[in-house]
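Input: a single structure, listed below in structure tokens.
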Amino acid sequence: MKTADSVLNARGRLTVPWLIVPPAAALLVFFLMPLLVVLAVSFASRGTYGGIEWTLTVSNYTSILDPLYLRIFWRSLWIAVASSAICLVIGFPLAYAIAGAPKRWQGALLLLVIIPFWTNFLVRTYAWMFILRTEGLLNTALISAGLIDQPLNLLYTDGAVLLGLVYGYLPFMVLPLYAALERLDPALIEAAWDLYASPVRIFTRIILPLSKPGIIAGCLLVFIPSLGAYVTPDLLGGARTLMIGNLIQHQYLVVRDWPFGSALSFILMVGVLLAVMSYLRAGGPKNLA
Amino acid sequence: MNQAAIKEQGLSAHTGTGPVAQPGNPLLFARVVSPHHPDVLAAFRRRSPADSAVRYSAPPGSHAAPPARLQRVNPVVRRKASRGLTHAGLRAPATRHPFPTHPQEKVLLCSPVLVIAFAFLLILAACSPSSDNGNAKKVTLHLFTWSDYTEETVVKEFERRFGIHVMTDTFGSNEELLAKLQGGASGYDVVVPSDYMVSIMIKQGLLAELDRSKVPNLAQVYAHLKGLYYDPQNTYSIPYLWGTTGIGYNAEMVSSPPQSWQALWDERYKGKISLLNDEREVFSMALRSAGESLNTVDLVKLEAAKVRLMAQKPLVKAYTSENYDQLLISGEVALAHGWSGTIVRAAAEKPSIKYVIPQEGGTIWQDNLCILKTSAHKHEAMAFVNFLLEPQMAAQITTKVKYASANEAARVLLPKEIAQNPAIYPSQDTVARLEWIKDVGETIKAYDRAWTELKVK
Chain A
70 MKTADSVLNA RGRLTVPWLI VPPAAALLVF FLMPLLVVLA VSFASRGTYG GIEWTLTVSN
130 YTSILDPLYL RIFWRSLWIA VASSAICLVI GFPLAYAIAG APKRWQGALL LLVIIPFWTN
190 FLVRTYAWMF ILRTEGLLNT ALISAGLIDQ PLNLLYTDGA VLLGLVYGYL PFMVLPLYAA
250 LERLDPALIE AAWDLYASPV RIFTRIILPL SKPGIIAGCL LVFIPSLGAY VTPDLLGGAR
310 TLMIGNLIQH QYLVVRDWPF GSALSFILMV GVLLAVMSYL RAGGPKNLA
Chain B
649 MNQAAIKEQG LSAHTGTGPV AQPGNPLLFA RVVSPHHPDV LAAFRRRSPA DSAVRYSAPP
709 GSHAAPPARL QRVNPVVRRK ASRGLTHAGL RAPATRHPFP THPQEKVLLC SPVLVIAFAF
769 LLILAACSPS SDNGNAKKVT LHLFTWSDYT EETVVKEFER RFGIHVMTDT FGSNEELLAK
829 LQGGASGYDV VVPSDYMVSI MIKQGLLAEL DRSKVPNLAQ VYAHLKGLYY DPQNTYSIPY
889 LWGTTGIGYN AEMVSSPPQS WQALWDERYK GKISLLNDER EVFSMALRSA GESLNTVDLV
949 KLEAAKVRLM AQKPLVKAYT SENYDQLLIS GEVALAHGWS GTIVRAAAEK PSIKYVIPQE
1009 GGTIWQDNLC ILKTSAHKHE AMAFVNFLLE PQMAAQITTK VKYASANEAA RVLLPKEIAQ
1069 NPAIYPSQDT VARLEWIKDV GETIKAYDRA WTELKVK
């Protein structure tokens, strides 16, 4: 924090104001301007063969209210919530175990969580396709173990999509949870034991409240990319049912209705922003360490 | 424990309602108060930033010490305290918690690990596989074509002979090609659109007029494949490869070879059917199965086709244009709606796979070599187009990708099992049943909408 102290004065203001210029410029060029382009296009009309005609209209937004599209939003929301919940259930014990491991092991264990990221996500998704398909690893193993007679229908189902999302985003849950649990004061748990608190009570009244910032951060980090997921539902879901990400891609690359795709993107972004804000407010923004 | 409870407990430690811990002599109180009293430990515990009750709350601008410094004192206090407790003959608190004790500062040590890990992620994400690092003098041609559609050795031969480097990018459907070009994907020189997409791209002004004197091999193209409806004078396009759309099936998994598109609606094959993930092809299949033209602009017929496709959807395992050959080979599907060459390739790996063009007929298509108006290397691009049409090269390509070459002279150079394969070179009778996909103008919006509805259902 030393460097931060010298850059910030006592009032928390920058002592070197021009330092703000590069990040502000980067945000302007790489974030704000593309966003404005998307916003502008979302009010344009589609040409017959795609492309953009600058006849202003709000029909792109009104057509989102079509039950057809609302259903996709609802479905994506459901899948994103489910994948966050599953990640939390799997990630919490994992993060707890890593945080409780001897100090010298923690780095290595965290590395193990992250190593899969060093392989391209697409390659790993294809690997899942090989595992899940009818004559894949899993079915072959189950059949040879005598557990099932007929291969299970695993690939190209909602379950496969959920599995792919949980697999893909689990590290995003584990890392913030680890950071929160690692900081948790063991003396509190000692005290609780000392006071004859049951393990359940210790968990619900000490560990859970104190790891709340990690839980919130982890859930957001899983929820947001899951909501806009595109590759996973396409490959593991067999392009049979769309999520918002696929619907947007569909508008851009298949039916070439860019204005509608832009309106969808914008609504998705506003929706995520509102969800995040209400989430943070509910969890107390100060708790997000 | 809810937040209010934490706050209450924290407050009691400060306001002196309980046995307040004095930083100077905590042991004093520890000895006289039962260790089971909550506030004893409250005084010794290290404060976590997550604990709002002990949050540093000095107003901005004040010169109070930052919270980190307050906390830094704590481990020492704690160590003394626990020693004091043991000396006093009190049982030390059970250490059943899994967390190692260490100073607060060490928390920061693990953050470089996280930072490095995330940096790796970002670097990996940012690394794009395509970058031309050849020497500056060497011209690089950018080819945008269908996946698995070019023969490596042919491209290598071109690079060797002409000293031009070729970079290949692939797309999965004509619509994707158009969308990417409209989206400003610049820098491509040669593209490979199918028939109806050529006519759209001509209307959009995307294609450059060809200098046919530089493509002498056009003379060897089958007469009936030249001057087709989409480009009557071959002003913009040179025929490259052509094929058909039909059903690939695994003879071991179906009771009788499918004769009709109706096989794709057969309940017995529920979950064993794959369809192309291609708007026009899927509607062509549905329209032809009802005996309609696959270029219908009649919205009622289109709606009927959509309803039929929706009824079919529960039977469909996947919509894919890219790996249905693998699905067939692995036994994942028994019937695959697909393109001739891809299924013939699958058949080469697994002999029980066959290809059939249903009796109602289906799509015939031709992919074309075109040069973009924006190409900076039109001269080299023409040389490349002409090179791909050399009989030797065309034969090599067809041998590899199993799609029929437009070059007539190439056919005699092909191995017999390819030149005589009716799945690759269908008979005249079969061709008579086939229909070209044509641009349907404004009606494409209705197709788009129907396709979206099908996918959403």
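First to last, the sequence lines map onto chains A and B.
Letter by letter, the first sequence follows residues 70 to 358 of the numbering used here.
Letter by letter, the second sequence follows residues 649 to 1105 of the numbering used here.
Yeah, the Cβ is synthetic: ideal placement off N, Cα and C, and Gly gets one too.
CA-to-CA distance, residue j to residue i, given in whole angstroms
{"i": "residue 155 of chain A", "j": "residue 145 of chain A", "result": "15 Å"}
{"i": "residue 141 of chain A", "j": "residue 310 of chain A", "result": "9 Å"}
{"i": "residue 1105 of chain B", "j": "residue 120 of chain A", "result": "27 Å"}
{"i": "residue 139 of chain A", "j": "residue 1065 of chain B", "result": "52 Å"}
{"i": "residue 877 of chain B", "j": "residue 859 of chain B", "result": "20 Å"}
{"i": "residue 818 of chain B", "j": "residue 795 of chain B", "result": "5 Å"}
{"i": "residue 824 of chain B", "j": "residue 932 of chain B", "result": "18 Å"}
{"i": "residue 257 of chain A", "j": "residue 265 of chain A", "result": "13 Å"}
{"i": "residue 345 of chain A", "j": "residue 289 of chain A", "result": "7 Å"}
{"i": "residue 965 of chain B", "j": "residue 913 of chain B", "result": "12 Å"}
{"i": "residue 1148 of chain B", "j": "residue 1067 of chain B", "result": "Any answer about residue 1148 of chain B is impossible in this case: the structure gives chain B only from 649 up to 1105."}
{"i": "residue 890 of chain B", "j": "residue 102 of chain A", "result": "44 Å"}
{"i": "residue 731 of chain B", "j": "residue 260 of chain A", "result": "Annotation note: pLDDT 39 at residue 731 of chain B (below 50); position unreliable, coordinate value reported separately. Straight-line Cα distance between these residues: approximately 16 Å."}
{"i": "residue 246 of chain A", "j": "residue 828 of chain B", "result": "40 Å"}
{"i": "residue 987 of chain B", "j": "residue 186 of chain A", "result": "35 Å"}
{"i": "residue 312 of chain A", "j": "residue 294 of chain A", "result": "12 Å"}
{"i": "residue 712 of chain B", "j": "residue 81 of chain A", "result": "Low confidence applies here, because residue 712 of chain B scores a pLDDT of 46, under 50, leaving its location unreliable; read the following figure in that light. Computed Cα separation, rounded: 14 Å."}
{"i": "residue 995 of chain B", "j": "residue 1001 of chain B", "result": "5 Å"}
{"i": "residue 269 of chain A", "j": "residue 278 of chain A", "result": "13 Å"}
Of the residues the options, the one placed nearest residue i, counting alpha carbons only
{"i": "residue 897 of chain B", "options": "B:1019, B:992 and B:1093", "result": "B:992"}
{"i": "residue 296 of chain A", "options": "A:161, A:320, A:270 and A:151", "result": "A:151"}
{"i": "residue 129 of chain A", "options": "A:335, A:291, A:162 and A:225", "result": "A:335"}
{"i": "residue 1057 of chain B", "options": "B:1074, B:1049 and B:1037", "result": "B:1037"}
{"i": "residue 1018 of chain B", "options": "B:1068, B:1029 and B:865", "result": "B:1029"}
{"i": "residue 123 of chain A", "options": "A:108, A:131 and A:133", "result": "A:108"}
{"i": "residue 417 of chain A", "options": "A:286, A:312 and A:307", "result": "The question about residue 417 of chain A has no answer, for chain A in this structure spans 70 to 358."}
{"i": "residue 863 of chain B", "options": "B:1044, B:1016, B:1039 and B:1031", "result": "B:1031"}
{"i": "residue 1035 of chain B", "options": "B:808, B:786 and B:999", "result": "B:808"}
{"i": "residue 922 of chain B", "options": "B:802, B:957, B:1100 and B:890", "result": "B:957"}
{"i": "residue 164 of chain A", "options": "A:233, A:248 and A:323", "result": "A:248"}
{"i": "residue 1107 of chain B", "options": "A:317, A:328, A:319 and A:308", "result": "An answer regarding residue 1107 of chain B cannot be provided, because it is not within the stretch 649 to 1105 covered by chain B."}
{"i": "residue 132 of chain A", "options": "A:116, A:112 and A:149", "result": "A:112"}
{"i": "residue 989 of chain B", "options": "B:1099, B:945 and B:1048", "result": "B:1048"}
{"i": "residue 166 of chain A", "options": "A:232, A:243, A:235 and A:195", "result": "A:243"}
{"i": "residue 303 of chain A", "options": "A:233, A:221 and A:180", "result": "A:233"}
{"i": "residue 831 of chain B", "options": "A:327, A:210 and A:281", "result": "A:327"}
Exposure label - residue i; buried when at least 16 CB within 10 Å
{"i": "residue 188 of chain A", "result": "exposed"}
{"i": "residue 885 of chain B", "result": "buried"}
{"i": "residue 78 of chain A", "result": "exposed"}
{"i": "residue 601 of chain B", "result": "With chain B covering 649 to 1105 only, the question about residue 601 of chain B has no answer from this structure."}
{"i": "residue 780 of chain B", "result": "Because residue 780 of chain B sits at a pLDDT of 42, beneath the cut-off of 50, its placement in the model cannot be relied upon, and the following sentence gives the value as read from the coordinates. Label assigned to residue 780 of chain B: exposed."}
{"i": "residue 172 of chain A", "result": "exposed"}
{"i": "residue 177 of chain A", "result": "exposed"}
{"i": "residue 147 of chain A", "result": "exposed"}
{"i": "residue 100 of chain A", "result": "exposed"}
{"i": "residue 219 of chain A", "result": "exposed"}
{"i": "residue 361 of chain A", "result": "There is simply no residue 361 of chain A to check, as chain A begins at 70 and stops at 358 in what is shown."}
{"i": "residue 895 of chain B", "result": "buried"}
{"i": "residue 342 of chain A", "result": "exposed"}
Residue range of the unbroken beta strand (DSSP E) whose run includes residue i
{"i": "residue 907 of chain B", "result": "Segment: none, residue 907 of chain B is in no beta strand (DSSP E) and carries neither H nor E."}
{"i": "residue 886 of chain B", "result": "885-898"}
{"i": "residue 63 of chain A", "result": "This structure does not reach residue 63 of chain A, given that chain A is present from 70 up to 358, and the question cannot be answered."}
{"i": "residue 922 of chain B", "result": "921-923"}
{"i": "residue 801 of chain B", "result": "Here residue 801 of chain B belongs to no beta strand (DSSP E); instead the alpha helix (DSSP H) covers 800-810."}
Residue range of the unbroken alpha helix (DSSP H) whose run includes residue i
{"i": "residue 1103 of chain B", "result": "1092-1104"}
{"i": "residue 1017 of chain B", "result": "Here residue 1017 of chain B belongs to no alpha helix (DSSP H); instead the beta strand (DSSP E) covers 1011-1019."}
{"i": "residue 937 of chain B", "result": "927-937"}
{"i": "residue 1049 of chain B", "result": "1039-1049"}
{"i": "residue 994 of chain B", "result": "988-997"}
{"i": "residue 944 of chain B", "result": "Residue 944 of chain B -> no alpha helix (DSSP H), and no H or E assigned at all."}
{"i": "residue 1066 of chain B", "result": "1064-1067"}
Those runs of the alpha helix (DSSP H) which lie wholly inside the stretch 260-301 of chain A and span at least 4 residues = Fully enclosed alpha helix (DSSP H) runs of no fewer than 4 residues occupy 268-271 and 281-296 of the stretch 260-301 of chain A, in order along the chain.
Scan the stretch 179-228 of chain A and note each continuous alpha helix (DSSP H) run of 4 residues or more that stays entirely inside, going in chain order.
-> If only uninterrupted alpha helix (DSSP H) runs of at least 4 residues are considered, those enclosed by the stretch 179-228 of chain A are 190-201 and 206-213.
Quick one: complete beta strand (DSSP E) runs, 3+ long, within the stretch 95-155 of chain A?
-> none
Length at least 3, wholly inside the stretch 825-872 of chain B: the beta strand (DSSP E) runs in chain order | Listed in chain order, there is nothing to give.
Run through the stretch 947-982 of chain B for me and flag every whole alpha helix (DSSP H) of 4 or more residues, listed as ranges in chain order.
-> 947-960 and 972-977
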